[in-house]
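2 protein chains.
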Amino acid sequence: MSSPSSDAAEPAGGGLSRRRLFGAAGVTAAVVGAAGAGALAGRASASSTATEELQNSVPFRGEHQAGIVTAAQDRMHFCSFDVTTDDRDDVVAMLKEWTAMAERLTLAQEAVAGGAVGLNPYAPPADTGEALGLPASQLTLTVGFGPTFFTKDGKDRFGVADKRPQALIDLPKFPNETMDPARSHGDICVQACANDPQVAVHAIRNLARVAFGTAAVRYSQLGFGRTSSTTREQATPRNLFGFKDGTSNLKAEDTGALDAHVWVADGDGPAWMTGGSYLVTRRIRMRIENWDRTTLMEQERVIGRLKGSGAPIGYADEFDALDFTTKSSKGTPLIDMAAHVRLASKENLNGIEILRRGYNFTDGTDGFGHLDAGLFFIAFVRDPRSSFVPMQMELSRRDALNEYITHTGTALFACPPGLRDGDADAYWGSTLLS
Amino acid sequence: MSSPSSDAAEPAGGGLSRRRLFGAAGVTAAVVGAAGAGALAGRASASSTATEELQNSVPFRGEHQAGIVTAAQDRMHFCSFDVTTDDRDDVVAMLKEWTAMAERLTLAQEAVAGGAVGLNPYAPPADTGEALGLPASQLTLTVGFGPTFFTKDGKDRFGVADKRPQALIDLPKFPNETMDPARSHGDICVQACANDPQVAVHAIRNLARVAFGTAAVRYSQLGFGRTSSTTREQATPRNLFGFKDGTSNLKAEDTGALDAHVWVADGDGPAWMTGGSYLVTRRIRMRIENWDRTTLMEQERVIGRLKGSGAPIGYADEFDALDFTTKSSKGTPLIDMAAHVRLASKENLNGIEILRRGYNFTDGTDGFGHLDAGLFFIAFVRDPRSSFVPMQMELSRRDALNEYITHTGTALFACPPGLRDGDADAYWGSTLLS
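For the record, the sequence lines run as chains R and B.
Numbering of the first sequence is given in the UniProt record's numbering, commencing with residue 1 and proceeding in unit increments.
Numbering of the second sequence is given in the UniProt record's numbering, commencing with residue 1 and proceeding in unit increments.
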């Protein structure tokens, strides 16, 4: 499901695609100069299949939702919503509208056919317009439902309390976290990833627009640079500690491992989640100033890898296996006992593996002369109780990295399976709500 | 000065470029996958000159600073600093260090040769590393000095009070603004623009890093998508109201108009500013929810252009001249008397023109269920007293757009001229401080 297809395809609903709206010449101009697209296309390099691929669309439908094992796009806009009504029908109506819009948006179409330029000049446009002319940019939109969607303040708002999966726990309090409630949790989340941030922001903004009266933005987070690779074709990016991040991440090609560690299997819990996954977010504030005043040797000890190449300490290549047993001539382990890569390794965690999909962020300043910067950690797991929770308990207790990070936001969402091709009745959450 | 050159060039100081650090094969891998670079290069599309151009370097030196008439890059990280010392020598030392680093960074080099991987493992790295392997991405770094750099609380901290240009005014209070002091003003600003946000953030972060003890981050603003074109080659991007923005902007090709409206001329004020420009910032919060519930007709009346094409109302092409005189069959002007494009036009403003260089932003949420989104307005002018101030006074009083916007941050900085080729003694601010 992560293989991009042509964005020239029309959805079942028909209508003009954003690219067609302007015709061939217009597309060239729009792609050259429209905000954000310049970085993708420059002067319309039709000769470059690589550039075109980054502009293409990712199939919206499939066994699983897109945006999980899809090759990690470069930019992200994550949004958590509070449902502001107790009316189940309103929620279902919104989710159906979201679904139709989301499928169109991932095809580089307006949220509603003709919406941006006004189906009726006396009505508000049905698309906000700022993505007109921009290519699909591999946009994926991934939806999830938080614990409070099932029960809030003891109340079963939408008649789904008995369908709450046991795996959708209230995450425990971990050591070394200072959670901001305003940046945590939420009833519904949408993860928008794209290679053009204007495309991702446009998608979230239009979903939030039509949610008016039914759901409201609880928080949103822009991620400017990806920190994970999710396919073997992608090279490993760097986080704001300057280290390659995610060398050992699960990859889309590891289908067996994905079945074991990412996708909810039949019998794992309620049937509506089969083929889905659990999304964990952690807004991790990095104390980059403290880090930047630390020696290279200490930085590499803390991480357990070399900063330049990303290779395990004692080795030369990024993808050399982590060597947890060999000791240096001084009798100390090559990889420190508290090094991040050791503690986060499946060897240390009885085989736990997660699919990471995080993004670097910079949100202004903290008011104390520093950048408010860090990593918006996203992971997809089959069951957080047996994966993320024990991993984070281990890391929060022992990781040498804790001196330089604080977790400031957290959430857990249940992401249902994908919508199947041709299933016109399916919508986001229909396995739960129908 | 806006024409990109090869980023393979070595600076006078020598040292490895980030691209060379990994060798040709490494570059391919890094460009493919490193955070942010994917959007530029995809799978190393060496065949694409357009993509390569967006990765190239922009000359750091010239008559004027880069980042003013340079073709507007797609992403921005703007940072305002407070100087935290009263020691002029410390400030000069920091500005010299900044200058050397900035020139290297714009060439896709580490802030200090070998810095990221550690000149000395027992010392902190002299580059934070997160841009290793990323191309120059047309990075420009533009410096400016605010009024408080000259006098703060009545004190001439650095012995330059008598060099404060009369044009570097304390901006007046305008109608319809709710200024946040924490997002306004500052002693020194650095505008980082690049086609890869990781490159822009890396640059600001490294300048902030070495400023420790001398200057501290007052605020920083990430802009995810440009809202201006500054060359005729660039197509007009869209702002978050969904309209093309900056159709009538001054362009790099208009050298006569730039001399008249952007560049400080000999005799305009103190000699140290000749060849420089004044940078105005306005953080403009857009009430996008209100806007999105407004009819297309009203949106187009408020702006004065058509949403789809960007053409003036009554015309078909974006670049058709604005027609302020023709009336409709109903006897009303085609372009409303309070339309934004009418009030901001040089025809209405006695010939005032400014060079705009703004960026779309989304900073989480406002806490009331909306995205905190808008436009970080940046303009460069020869003299704000005769350009920005009367323009903003007119707009803030009469613009129909005021119903949908609030200015929440403001600043004015004096940007000195560029550093000339081969002038090894010059540094950021040297015409002011030497």
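Heads up, the beta-carbon is just placed ideally off N, CA and C, and yes, glycines get one too.
On a predicted model such as this, the values are computed, not experimentally measured, just so you know.
Since residue i is in the beta strand (DSSP E), which residue starts that stretch and which ends it?
i: I405 (chain R); result: I405 to C415
i: residue 499 (chain R); result: The requested residue 499 (chain R) is not part of the displayed model; chain R covers only 1 to 434.
i: A113 (chain R); result: Taken as a continuous stretch (DSSP letters only), A113 (chain R) belongs to no beta strand (DSSP E), as it is neither H nor E.
i: A194 (chain B); result: I188 to A194
Taking the beta carbon of residue i as the centre, do at least 16 other beta carbons fall within 10 Å, making it buried, or is it exposed?
i: I188 (chain B); result: buried
i: P197 (chain B); result: buried
i: A316 (chain B); result: exposed
i: M297 (chain B); result: exposed
i: N56 (chain B); result: buried
i: N249 (chain R); result: buried
i: Q166 (chain R); result: exposed
i: A34 (chain B); result: Confidence in A34 (chain B) is poor, its pLDDT being 33 and thus under 50, which makes the residue's placement too unreliable to answer from.
i: K244 (chain B); result: buried
i: D425 (chain B); result: exposed
i: P172 (chain R); result: exposed
i: K155 (chain R); result: exposed
i: P175 (chain B); result: exposed
i: K307 (chain B); result: buried
i: M393 (chain B); result: exposed
i: N195 (chain B); result: buried
i: N350 (chain B); result: exposed
For residue i, does the three-state DSSP call read helix, strand or coil?
i: T281 (chain B); result: strand
i: G269 (chain B); result: coil
i: A34 (chain R); result: Interpretation of A34 (chain R) is limited by its pLDDT of 33, a score under 50 that renders its predicted location unreliable; no figure is taken from the coordinates.
i: P312 (chain R); result: strand
i: E177 (chain R); result: strand
i: K346 (chain B); result: coil
i: G154 (chain R); result: coil
i: I288 (chain B); result: helix
i: L375 (chain B); result: strand
i: K307 (chain B); result: coil
i: S57 (chain R); result: strand
i: D82 (chain R); result: strand
i: M76 (chain B); result: strand
i: Q392 (chain R); result: helix
i: R398 (chain B); result: helix
i: L381 (chain R); result: One detail in the question is off: residue 381 (chain R) reads as Val in this sequence, not Leu. In this structure, V381 (chain R) counts as strand in the three-state DSSP scheme.
i: T274 (chain B); result: coil
i: K330 (chain B); result: coil
i: T49 (chain B); result: helix
i: K244 (chain R); result: strand
i: R183 (chain B); result: helix
Which residues in chain R sit within 7 Å of residue i, going by Cβ to Cβ distance?
i: Y278 (chain B); result: Within chain R, no residue comes near Y278 (chain B); the closest Cβ sits about 24 Å away, beyond 7 Å.
i: M297 (chain B); result: P121 and Y122
i: V381 (chain B); result: In chain order: nothing, as chain R lies at least about 23 Å away.
i: P197 (chain B); result: F224 and G225
Within the continuous alpha helix (DSSP H) that includes residue i, where are the two ends?
i: Q299 (chain B); result: L296 to I303
i: V92 (chain B); result: R88 to T106
i: G146 (chain R); result: Per DSSP, G146 (chain R) belongs to no alpha helix (DSSP H) and is neither H nor E.
i: R205 (chain R); result: P197 to V210
i: G223 (chain B); result: No alpha helix (DSSP H) holds G223 (chain B); the beta strand (DSSP E) holding it covers A215 to G223.
i: residue 443 (chain B); result: Since the first residue shown for chain B is 1 and the last is 434, residue 443 (chain B) is missing from the structure and cannot be characterised.
i: T431 (chain R); result: S430 to L433
So with CB distances below 7 Å, who are the chain B contacts of residue i?
i: H370 (chain R); result: V217
i: D292 (chain R); result: P124, T128 and R209
Within 6 Å: the Cβ of residue i and any heavy atom of the ligand NAP?
i: G129 (chain R); result: Here there are no bound small molecules, and the ligand NAP is not part of this structure.
Since residue i meets chain R, which of its residues come closer than 8 Å, beta carbon to beta carbon?
i: G367 (chain B); result: A182
Using a cut-off of 9 Å between C-beta atoms, extract the partners of residue i located in chain B.
i: V201 (chain R); result: F224, G225, L240, N360, T362, L371 and A373
Which residues of chain R have a Cβ atom closer than 9 Å to the Cβ of residue i, listed in chain order?
i: V387 (chain B); result: Residue identity check: residue 387 (chain B) is Ser in the sequence provided, not Val. Those do not exist, as S387 (chain B) stays about 25 Å from chain R at its closest Cβ, beyond 9 Å.
When Cβ atoms are compared, which residues of the stretch 349–365 of chain R fall closer than 9 Å to chain B?
Y359, N360, F361, T362, D363, G364 and T365
Scan the stretch 396–408 of chain B for residues whose Cβ lies nearer than 7 Å to a Cβ of chain R and list them as they occur along the chain.
none
To be precise: take each residue of the stretch 111–140 of chain B, compare its Cβ to all Cβ atoms of chain R, and keep it if any distance is under 7 Å. Which residues remain?
A116, V117, G118, P121, Y122, A123, P124, P125, T128, G129, E130 and L132
Contact residues within the stretch 237–262 of chain B, judged by C-beta distance below 9 Å to chain R:
Those residues of the stretch 237–262 of chain B that come within reach of chain R (Cβ to Cβ, closer than 9 Å) are P237, R238, N239, L240, F241, G242, F243, K244 and D245.
Residues from the stretch 313–331 of chain B in contact with chain R, defined by Cβ distance under 7 Å
none
For the stretch 56–73 of chain B, which residues have a CB atom closer than 7 Å to at least one CB atom of chain R, in sequence order?
Those residues of the stretch 56–73 of chain B that come within reach of chain R (Cβ to Cβ, closer than 7 Å) do not exist; the list is empty.
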